[in-house]
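Protein chains: 4
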Amino acid sequence: MMYFKSDNTAAVAPEIMAALHEANQGFALAYGDDPWSAQLQERFSALFDHEVRVFPVATGTAANALALATLVPPWGAILTHEESHIVRDECGAPEFMTHGARLLLEAEPGAKITPVGLHRALDALPLSVHTVQPRALSITQATELGTVYSPDELRALTSAAHERGLRVHMDGARFANAVAHLGCTPADLTARAGVDVLSFGATKNGAMAAEAVIFFNQDLVADFEFRRKRAAHLFSKMRFLSAQLLAYIDNNLWLKLAARANAMAAEIGAAVPSRLLQPVQANEIFLRLGEQKIKQLREAGFAFYDWGSARSGEARFVVSWHQDPKEVETLVQSLRALESE
Amino acid sequence: MMYFKSDNTAAVAPEIMAALHEANQGFALAYGDDPWSAQLQERFSALFDHEVRVFPVATGTAANALALATLVPPWGAILTHEESHIVRDECGAPEFMTHGARLLLEAEPGAKITPVGLHRALDALPLSVHTVQPRALSITQATELGTVYSPDELRALTSAAHERGLRVHMDGARFANAVAHLGCTPADLTARAGVDVLSFGATKNGAMAAEAVIFFNQDLVADFEFRRKRAAHLFSKMRFLSAQLLAYIDNNLWLKLAARANAMAAEIGAAVPSRLLQPVQANEIFLRLGEQKIKQLREAGFAFYDWGSARSGEARFVVSWHQDPKEVETLVQSLRALESE
Amino acid sequence: MMYFKSDNTAAVAPEIMAALHEANQGFALAYGDDPWSAQLQERFSALFDHEVRVFPVATGTAANALALATLVPPWGAILTHEESHIVRDECGAPEFMTHGARLLLEAEPGAKITPVGLHRALDALPLSVHTVQPRALSITQATELGTVYSPDELRALTSAAHERGLRVHMDGARFANAVAHLGCTPADLTARAGVDVLSFGATKNGAMAAEAVIFFNQDLVADFEFRRKRAAHLFSKMRFLSAQLLAYIDNNLWLKLAARANAMAAEIGAAVPSRLLQPVQANEIFLRLGEQKIKQLREAGFAFYDWGSARSGEARFVVSWHQDPKEVETLVQSLRALESE
Amino acid sequence: MMYFKSDNTAAVAPEIMAALHEANQGFALAYGDDPWSAQLQERFSALFDHEVRVFPVATGTAANALALATLVPPWGAILTHEESHIVRDECGAPEFMTHGARLLLEAEPGAKITPVGLHRALDALPLSVHTVQPRALSITQATELGTVYSPDELRALTSAAHERGLRVHMDGARFANAVAHLGCTPADLTARAGVDVLSFGATKNGAMAAEAVIFFNQDLVADFEFRRKRAAHLFSKMRFLSAQLLAYIDNNLWLKLAARANAMAAEIGAAVPSRLLQPVQANEIFLRLGEQKIKQLREAGFAFYDWGSARSGEARFVVSWHQDPKEVETLVQSLRALESE
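Residue numbers (my numbering), protein chains in the order written: chain A, 1 to 341; chain B, 1 to 341; chain C, 1 to 341; chain D, 1 to 341.
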């Protein structure tokens with residue numbers, strides 16, 4: 001089988017395995033009082049060209065839900081796209097961690113929210129003591145449809161959000177892919193773009209299990225540490241989370257891995273441009289293939305997910321850093337062959 | 001510094017690091033649909049000589065709190081010892097995961113609960129719609145004071161609990177140390193002793209971050225999988241949790257590591273028998289040393305925690321699988337020297 | 001001012017005030033062990049021609065949220081109309097009482113959900129451990145737009161819901177108005193129509209503060225009593241809630257009051273049929289008036305709410321049992337006058 | 001039967017029934033925008049000689065749990081006496097409303113907490129990210145054992161609490177009885193004694209269902225209104241709650257009713273001084289009678305609760321404003337007769 005199902009199916013990058021080995025020397029104090037964890041604030045502040053606070057966790061859902069819980073009270077609401085991971089793939093973790101805040105769903109093209117959409121959604125909600133209170137906007141970069149917000153788009157959107165009293169959370173499970181695509185700095189998409197808190201993903205892009213919650217607005221950190229501990233996401237042998245994160249950003253590993261995945265995805269997309277449901281800006285390709293062609297591809301050994309509603313004939317392919325270029329080439333050829341049938 | 005602060009400060013056992021490497025080959029489906037996770041049910045059922053259901057998580061707090069949430073409703077209560085980890089060291093994670101159930105605290109010697117204590121505690125709580133409803137007993141094996149329940153003690157206690165309508169959870173963060181001490185089978189302390197759910201710890205005894213929630217009563221599993229996902233403890237690259245757990249029980253590694261730690265702990269305890277606050281049955285030693293001797297030991301390079309109330313002159317030493325026998329020997333000699341002053 | 005803002009602004013019906021007086025004789029055991037509460041099961045079972053379990057609470061939000069909490073787990077989801085009270089007017093009480101379940105919003109005409117809409121909504125949600133689990137349908141009768149489900153519509157809808165594994169909750173804050181409109185029996189809209197739990201409203205229709213949660217499926221009662229107590233909705237002087245509920249159904253008072261309100265509402269609607277946004281089937285009238293006419297009506301002394309989006313020119317009028325027929329007549333004439341301008 | 005079981009069994013005082021009637025005239029805006037509610041801030045500020053914020057609710061449990069939820073975060077802890085209502089009689093409502101905060105139990109005589117006890121309890125809890133965080137002290141005035149804190153005792157205790165970073169909540173379900181006993185002003189026991197939030201009870205002392213949450217520190221109000229609404233405790237026909245509260249404090253009705261109950265309780269206590277388990281300072285009498293005498297009293301027609309552990313031979317008698325003096329006299333005589341047997 002050739003796996004294009006998810007970047008979660010990839011192995012751990014060798015550089016990160018090596019870092020785990022290096023961290024496995026001797027004793028180290030638990031719960032973050034270790035030399036690896038001690039470097040995080042400085043290293044990530046440098047990376048983001050901004051004084052940040054960094055908190056390692058082990059899953060993207062933990063990063064998202066804990067970040068959101070810090071931003072909104074139980075009677076709060078989080079404006080987000082209906083395609084977002086926090087809506088579709090976290091079994092209500094945001095509601096759990098926030099003690100019952102509500103997700104307000106937006107449905108704009110490309111899984112991206114615009115200032116116009118944000119204003120329209122909020123205008124439709126007259127506020128009173130009888131209503132939930134919108135307090136956060138959660139966006140995804142790169143989005144669940146493989147598209148990317150430009151720095152300009154982000155600035156306009158976060159301005160609108162802040163103007164309406166919302167804090168801004170960015171789900172960056174594939175943040176590396178967005179930065180690699182845009183060729184900008186991490187700061188351009190976060191601190192300088194008005195993002196308050198980022199879920200900085202590493203697991204999908206080469207780590208074993210490591211994500212970082214990064215606060216750009218330190219006043220917001222507040223009770224995050226209690227929330228993380230209480231949710232059982234404070235690791236005793238924290239050094240192994242921190243070591244993954246350090247190795248991930250060392251020597252731009254994260255961007256190299258993402259660029260590699262992006263390039264392969266672009267190649268696949270370029271094979272069948274007329275079938276693209278979305279522009280390929282990160283490591284995901286969405287294609288309108290028809291049920292027959294989907295069947296043929298599966299028979300040819302490709303593993304991938306159907307997309308959209310039942311029998312839509314749509315399919316999603318995800319490329320990870322770990323993808324074998326030969327398998328990508330095989331997929332490209334298979335797609336072209338189907339095209340010319 | 002010679003670390004006797006916690007078994008959390010130890011490194012990962014080489015066998016487990018090797019297993020992580022082996023698991024890092026190629027692609028594997030996410031969220032548990034991988035070959036390593038597929039072996040868990042069978043391997044752990046064999047280990048416990050009982051058809052069990054096994055769910056990997058990454059922290060002991062997650063294991064405990066998720067297990068308890070499965071056993072008690074929000075208006076339930078959990079009878080437990082006041083020394084227990086769920087009371088003292090989890091920042092209210094059990095309350096969080098159960099949506100507000102209450103911990104009812106027992107204070108019996110040796111951090112162990114007896115049937116008499118259990119009945120007395122429950123008798124003092126007349127039940128009605130106005131009261132929380134006791135639904136679970138949570139005990140720790142080995143206990144937070146380094147003591148161990150015998151199979152007989154466990155059977156008597158779980159019988160009393162079941163008779164009173166309580167399910168039994170065992171916090172086995174140091175379960176290996178208890179089994180190694182008693183020389184019995186894992187089943188003798190769980191399935192055959194009336195335990196319903198076990199938090200089977202590996203992290204403190206050689207893993208990187210891996211625990212297993214083990215259900216002996218399969219009817220109780222119920223919604224555990226939703227709870228785990230919703231609490232953000234379902235790992236995408238699950239193979240790495242499962243691989244740790246498999247390596248941990250392969251060739252009795254877990255018992256070898258625990259026996260090694262226990263033996264070193266026993267050696268330390270034997271050096272100053274008259275100062276022992278508790279019998280040394282696992283890998284923890286509690287000593288009444290006096291403030292002066294505590295100071296001297298710290299100056300001699302030993303890192304360990306004070307115990308008890310402020311200025312109690314009591315201290316806790318924890319020995320891990322990873323402890324250097326030379327450091328243990330140095331500690332033994334230092335203790336003897338202090339003794340003969 | 002002539003109030004057409006809400007049926008919540010009405011006074012308490014004299015029959016219910018009288019019942020409060022009668023209940024205020026001497027001592028009575030607290031928390032429901034009183035003679036008034038003792039009659040509830042039998043009286044309501046007779047009313048609904050079905051063995052029911054009845055639990056008094058004091059607010060409609062309590063009735064709805066506690067009922068829903070009984071039907072869905074924290075990781076559950078509740079399918080409901082986007083116009084529903086539980087979505088718009090309860091500040092997230094359903095999320096609070098359910099410990100974070102999600103509301104899935106449907107947008108069909110007339111604030112009513114159809115089997116087709118229900119199936120479509122559920123089909124769009126592929127289920128897995130990563131998703132919230134739809135477990136309940138919550139509908140409103142009469143709806144927030146003053147429309148009414150027929151018994152046939154209800155049966156078709158609850159069948160679809162049950163087929164898909166959903167329990168059915170009915171928000172009956174204006175249940176009396178629906179029964180009065182249809183001229184059917186209460187059973188036709190509940191027990192015989194497949195409703196599992198009803199929030200039976202009395203407050204809007206003549207009570208001071210009394211609603212009843214009515215279970216038609218007794219297996220579902222489960223832990224309702226603990227939930228009610230824990231949410232602080234178990235009243236010590238319960239006799240006064242029960243006395244209101246008994247007086248409310250005595251001699252068909254509830255239907256008389258509702259019929260009176262309905263008739264006045266129908267009269268208002270009939271004055272300007274071409275302006276109706278919805279058919280007038282209960283005690284609410286929704287009109288497209290334009291901003292100018294809205295302004296004129298307010299200047300003439302009518303108090304009512306704008307409806308729809310800002311500057312939509314739409315307005316909502318609510319008529320209660322307590323409405324002065326002369327004020328209704330004045331409104332009718334004013335509307336006609338505006339019409340002929 | 002002559003009821004001495006609870007002040008909850010009493011009827012509503014005639015002055016309060018009259019107020020409900022007066023409030024039942026015509027229309028009034030819902031949810032507190034009515035003329036009765038409009039008077040609350042001023043009237044209660046005058047009563048407490050302090051600018052307060054007042055929020056009516058309908059049950060004492062709602063008042064307590066919502067007040068506490070305002071004071072402590074989910075990972076917070078509330079120090080309270082093990083006899084307190086929030087511990088024994090609210091089915092975990094404080095845990096529910098706080099989203100899982102913990103009650104830390106103190107066991108001092110007379111159901112009263114002292115500064116020494118408070119410091120000792122907190123000293124025993126070393127704080128870290130691993131522990132729940134004590135944030136509030138909750139005391140009861142008059143206590144569940146019918147005793148009363150003096151203003152001096154309160155000041156010393158609240159000073160200690162504030163010094164340790166705790167906010168102070170007072171459960172005043174029987175606050176009237178305490179004020180009546182001490183002959184001081186309400187302010188002496190609250191604003192001037194360092195209380196931050198008071199649950200001001202009326203239901204047990206003559207109201208139908210009305211309590212007030214009173215904030216002396218206005219910064220703490222914060223999100224109380226959202227919490228109340230979300231917990232379904234914001235009443236639509238609020239005027240009826242407010243009217244009860246206004247009538248309750250009009251012309252010192254509350255103190256007259258409490259003084260009456262207190263006097264009758266004192267009379268009962270004076271009949272058998274040697275049997276008193278606690279001094280009679282409010283409207284409750286706790287007696288050591290022996291099982292035989294308890295049986296005889298029940299046979300003589302007195303309804304009251306056993307107290308203490310099973311077969312303790314202890315009993316609790318509660319006297320309400322509504323108690324028939326003749327029944328009190330009969331009880332006094334019966335007690336004396338038993339005494340002289």
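Just so you know, even glycine gets a beta-carbon here, dropped at the ideal spot from N, CA and C.
Under 8 Å between C-beta atoms of residue i and residue j
i	j	result
D/L338	D/K293	yes
A/M208	B/K237	yes
A/V318	A/N283	yes
D/A202	C/N24	no
D/K112	D/T59	no
C/M97	C/A69	yes
A/G161	A/L220	A small correction: the amino acid at residue 161 of chain A is Ala; Gly does not occupy that position in the sequence shown. No, the pair does not count as a contact, with Cβ atoms beyond the cut-off.
Rounded separation between residue i and residue j - CA only
i	j	result
A/L71	A/R228	14 Å
D/L66	D/D89	15 Å
D/E163	A/F175	46 Å
D/L127	A/F226	12 Å
C/A265	C/N177	11 Å
C/A93	D/A62	14 Å
B/A210	B/G32	14 Å
B/Y305	B/V132	35 Å
D/H322	D/N8	10 Å
C/L125	A/T140	20 Å
D/E95	A/R230	15 Å
B/F240	A/S84	26 Å
D/N251	D/F44	13 Å
C/E299	D/G194	50 Å
A/A270	A/E153	25 Å
Expected contact under 8 Å - CB spacing of residue i and residue j to nearest Å
i	j	result
A/G206	A/I16	6 Å
A/V57	A/F215	The pair is not a contact, with the Cβ atoms about 13 Å apart (cut-off 8 Å).
B/P115	B/L145	Wrong, their Cβ atoms sit about 19 Å apart, outside the cutoff.
D/H169	D/D196	7 Å
C/R253	C/A13	The amino acid at residue 253 of chain C is misidentified as Arg; the sequence shows Leu. At roughly 7 Å, the Cβ-Cβ gap stays under 8 Å, so C/L253 and C/A13 are in contact.
C/F302	C/L331	6 Å
A/V280	A/L335	Contact flag wrong, Cβ pair sits at about 13 Å.
B/A352	B/L255	Residue 352 of chain B lies beyond the stretch modelled for chain B, which goes from 1 to 341, so this question has no answer here.
Cβ of residue i within 8 Å of any chain E Cβ
i	result
D/A310	The structure shown contains no chain E; the protein chains it does contain are A, B, C and D.
Name, going along the chain, the residues of the stretch 66–83 of chain A whose beta-carbon falls closer than 8 Å to a beta-carbon of chain D. P73, P74 and W75
Which residues, taken in chain order from the stretch 220–252 of chain B, show a beta carbon closer than 9 Å to some beta carbon of chain C? D223, E225, F226, R227, R228, K229, R230 and L234
What residues from the stretch 105–131 of chain B come within 8 Å of chain C, judged by C-beta to C-beta, listed N to C? V129 and H130
Do the stretch 129–149 of chain C and the stretch 74–81 of chain C make contact, defined as three or more Cβ pairs closer than 8 Å? yes
May I ask you to verify whether the stretch 260–279 of chain C touches the stretch 34–41 of chain C, counting CB pairs closer than 8 Å and requiring at least 3? no
With three or more C-beta pairs closer than 8 Å as the rule, is the stretch 246–257 of chain D touching the stretch 9–29 of chain D? yes
Given a limit of 7 Å on CB to CB distance, which residues of the stretch 86–101 of chain C reach chain D? C91, G92, A93 and F96
Please list the residues of the stretch 273–303 of chain B that have a C-beta atom closer than 7 Å to any C-beta atom in chain D, keeping them in chain order. none
Between the stretch 15–47 of chain B and chain A, which residues of the former have a C-beta closer than 8 Å to a C-beta of the latter? M17, L20, H21, N24, Q25, G26, F27, A28, L29, A30 and Y31
Interface positions of the stretch 196–212 of chain B facing chain A (Cβ-Cβ less than 7 Å), listed along the chain: T203, M208 and A209
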